[in-house]
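First the structure, in the form of structure tokens, and then the observations on it.
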Amino acid sequence: MAGAAGRKKRVGRYEVGRTIGQGTFAKVKFAVDADTGAAVAMKVLDKETIFTHRMLHQIKREISIMKIVRHPNIVRLNEVLAGKTKIYIILELVTGGELFDKIARHGKLRENEARKYFQQLIDAIDYCHSKGVYHRDLKPENLLLDSRGNLKVSDFGLSTLSQNGVGLLHTTCGTPNYVAPEVLGSNGYAGSAADIWSCGVILYVLMAGYLPFEENDLPSLYEKITAAQYSCPYWFSPGAKSLIQRILDPNPRTRITIEEIRADPWFGKNYVAIRRGEDENVSLDDVQAVFDNIEDKYVSEEVTHKDGGPLMMNAFEMITLSQGLDLSALFDRQQEFVKRQTRFVSRKPAKTIVATIEVVAESMGLKVHSQNYKLRLEGAASNRMSQFAVVLEVFEVAPSLFMVDVRKVAGDTLEYHRFYKNLCSKLDSIIWRPTEVSAKSTLLRTTTC
Numbered sequence: 004m005a006g007a008a009g010r011k012k013r014v015g016r017y018e019v020g021r022t023i024g025q026g027t028f029a030k031v032k033f034a035v036d037a038d039t040g041a042a043v044a045m046k047v048l049d050k051e052t053i054f055t056h057r058m059l060h061q062i063k064r065e066i067s068i069m070k071i072v073r074h075p076n077i078v079r080l081n082e083v084l085a086g087k088t089k090i091y092i093i094l095e096l097v098t099g100g101e102l103f104d105k106i107a108r109h110g111k112l113r114e115n116e117a118r119k120y121f122q123q124l125i126d127a128i129d130y131c132h133s134k135g136v137y138h139r140d141l142k143p144e145n146l147l148l149d150s151r152g153n154l155k156v157s158d159f160g161l162s163t164l165s166q167n168g169v170g171l172l173h174t175t176c177g178t179p180n181y182v183a184p185e186v187l188g189s190n191g192y193a194g195s196a197a198d199i200w201s202c203g204v205i206l207y208v209l210m211a212g213y214l215p216f217e218e219n220d221l222p223s224l225y226e227k228i229t230a231a232q233y234s235c236p237y238w239f240s241p242g243a244k245s246l247i248q249r250i251l252d253p254n255p256r257t258r259i260t261i262e263e264i265r266a267d268p269w270f271g272k273n274y275v276a277i278r279r280g281e282d283e284n285v286s287l288d289d290v291q292a293v294f295d296n297i298e299d300k301y302v303s304e305e306v307t308h309k310d311g312g313p314l315m316m317n318a319f320e321m322i323t324l325s326q327g328l329d330l331s332a333l334f335d336r337q338q339e340f341v342k343r344q345t346r347f348v349s350r351k352p353a354k355t356i357v358a359t360i361e362v363v364a365e366s367m368g369l370k371v372h373s374q375n376y377k378l379r380l381e382g383a384a385s386n387r388m389s390q391f392a393v394v395l396e397v398f399e400v401a402p403s404l405f406m407v408d409v410r411k412v413a414g415d416t417l418e419y420h421r422f423y424k425n426l427c428s429k430l431d432s433i434i435w436r437p438t439e440v441s442a443k444s445t446l447l448r449t450t451t452c
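For the sequence shown, my numbering assigns the number 452 to the last residue and increments by one with no breaks.
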């Protein structure tokens with residue numbers, strides 16, 4: 004195995020590390036500002052893909068909205084850079100993982116904890132609405148946690164920016180289980196009321212550990228949503244149940260407003276008001292400049308490739324791993340890490356790891372695409388209503404020691420965690436689990452399978 008430090012990439016003043024998130028049209032990379040040493044998240048979009056899928060207006064809208072909204076509970080956009088073939092969105096690095104990961108690992112939250120996150124969610128959405136911004140795709144997967152356990156709302160890809168604060172929206176969007184009944188209709192809807200409904204579904208999921216509306220086919224799901232046909236589990240307190248019932252009102256005209264939510268006794272318990280600085284004057288001129296294709300405005304892009312073998316993790320890339328690595332020997336001060344629970348370690352040769360994963364994935368009925376020690380597994384979701392996809396990447400972390408990082412690309416988070424456990428059970432022959440003694444004395448500690 005080559006002992007090179009691995010592929011190195013630099014975009015402007017940013018040293019770019021490994022992928023920490025991936026979606027249909029974008030990847031999110033860990034990066035470090037070489038001037039300040041600050042860690043950031045770099046969202047990378049391919050220009051050709053944007054134009055091919057006619058997403059130019061949507062991407063401009065997302066960037067514009069994220070520049071406008073400045074709130075402690077919303078992921079902050081720092082700047083936007085244009086390369087020859089890529090667009091780079093520099094975002095605040097949120098290191099606590101997805102809120103939904105907590106539910107997937109531990110089940111429902113305690114009522115006080117759920118209330119805290121709901122209060123922070125309402126604070127963020129209330130602020131957005133005051134700016135004429137409606138999120139339209141609120142769901143636990145778009146709710147992140149920072150290192151202090153505070154909520155951060157992300158992914159404004161479907162958001163709408165109101166030009167005058169008035170009027171009805173007509174585009175059906177969002178994730179089916181979380182959308183309001185009026186969004187499913189054709190008469191238009193108010194973005195504020197639709198967001199409030201989604202907040203109610205999220206509160207239900209936080210406290211119950213499962214969805215209020217779930218069916219195996221879309222017509223049945225839509226029927227339940229339209230009729231607000233659900234029931235609260237016995238452990239919901241009367242106050243929580245009452246508030247959820249007022250939020251999950253199928254009639255948007257009588258549905259509770261954010262102002263009324265704030266006045267609700269259950270919501271107000273232990274509420275801590277957000278301390279927010281003064282609003283900044285934000286210019287959107289640079290957003291248009293990113294799409295003008297002026298070559299002398301392009302950011303410099305430098306890439307050094309490593310030949311053969313999986314990438315060797317360096318310190319910058321290891322910094323993004325929280326649960327699988329003990330980095331105390333590498334860093335003098337406490338660092339922030341991006342939490343992800345789905346990875347495992349192997350002492351088998353890298354080619355054996357890839358081949359074993361391919362065989363197991365195919366036995367599970369998944370399509371496998373493999374290239375350069377990276378695999379993409381695709382299949383239908385369990386409800387057959389959507390696609391499910393994951394990416395696995397093999398990294399060398401020490402001589403003859405490899406880490407396989409697993410990321411969800413498409414599909415439901417709860418289903419993804421079930422899939423991961425099933426996958427690990429079938430890959431037992433290649434997964435290395437250090438003994439208790441060696442786990443204390445070695446750099447690597449795996450707690451994920």
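Don't be surprised by glycine CBs; every beta carbon is placed ideally from N, CA and C.
What's the C-alpha gap between residue i and residue j?
i	j	result
residue 447	residue 264	Any reading at residue 447 needs caution, since the residue's pLDDT is 45, under 50, leaving its predicted position unreliable; the model's value is listed next. Going by the C-alpha atoms only, they are around 47 angstroms apart.
residue 176	residue 403	Reliability fails at residue 176, whose pLDDT of 44 lies under 50, so the model's placement of it is uncertain and the value that follows must be treated cautiously. If I take the Cα positions, the gap works out to 47 angstroms.
residue 353	residue 375	11 angstroms
residue 243	residue 276	20 angstroms
residue 15	residue 54	24 angstroms
residue 377	residue 430	16 angstroms
residue 220	residue 186	18 angstroms
residue 51	residue 86	12 angstroms
residue 102	residue 345	15 angstroms
residue 238	residue 196	27 angstroms
residue 231	residue 25	33 angstroms
residue 272	residue 216	27 angstroms
residue 255	residue 228	13 angstroms
residue 132	residue 71	12 angstroms
residue 21	residue 121	32 angstroms
residue 233	residue 207	10 angstroms
residue 392	residue 266	42 angstroms
residue 80	residue 69	6 angstroms
residue 214	residue 421	16 angstroms
residue 154	residue 136	18 angstroms
residue 100	residue 156	12 angstroms
residue 436	residue 398	17 angstroms
residue 92	residue 241	44 angstroms
residue 60	residue 47	17 angstroms
residue 32	residue 222	38 angstroms
residue 236	residue 212	10 angstroms
residue 303	residue 74	31 angstroms
residue 1	residue 139	Only positions 4 to 452 of the chain appear in this structure, which leaves residue 1 out of reach.
residue 201	residue 381	28 angstroms
Could you spell out where the alpha helix (DSSP H) holding residue i opens and where it closes?
i	result
residue 459	The structure shown does not extend to residue 459, since the chain spans only 4 to 452, so no value can be given for it.
residue 366	353-366
residue 223	221-229
residue 186	184-187
What whole-angstrom Cβ distance do residue i and residue j have, given they're in contact under 8 angstroms?
i	j	result
residue 400	residue 410	Contact doesn't hold; Cβ gap of about 17 angstroms is too wide.
residue 44	residue 96	5 angstroms
residue 373	residue 434	Not confirmed; about 19 angstroms, so no contact.
residue 83	residue 77	Going by Cβ atoms, the distance from residue 83 to residue 77 rounds to 17 angstroms, so no, they are not a contact pair.
residue 125	residue 261	6 angstroms
residue 134	residue 210	Between residue 210 and residue 134 the Cβ distance is about 29 angstroms, and since that is not below 8 angstroms, they are no contact.
residue 42	residue 17	Not confirmed; about 10 angstroms, so no contact.
residue 142	residue 205	7 angstroms
residue 203	residue 251	5 angstroms
residue 390	residue 368	Not really, about 13 angstroms apart at Cβ, beyond 8 angstroms.
The ligand ZN heavy atoms versus the CB of residue i: any closer than 7 angstroms?
i	result
residue 359	Looking for the ligand ZN in the displayed structure turns up nothing, as the structure carries no ligands at all.
Who are residue i's beta bridge partners in DSSP?
i	result
residue 154	148
residue 138	Looking at the DSSP assignment, residue 138 forms no beta bridge with any residue, so it has no partner.
residue 379	372, 394
residue 347	407
Can you tell me where the beta strand (DSSP E) with residue i in it begins and where it stops?
i	result
residue 420	Careful: residue 420 lies outside any beta strand (DSSP E), inside the alpha helix (DSSP H) at 416-429.
residue 409	404-413
residue 395	390-401
residue 373	370-374
Quick check for students: name the residue ranges of the alpha helix (DSSP H) that lie wholly in the stretch 246-276, counting only runs of 4 or more. 261-266, 268-271
Could you tell me which uninterrupted alpha helix (DSSP H) segments, each at least 4 residues in length, are contained entirely in the stretch 67-116, listed from first to last along the chain? 102-109
Uninterrupted beta strand (DSSP E) stretches inside the stretch 12-60 (no shorter than 3 residues): 17-25, 29-36, 42-49
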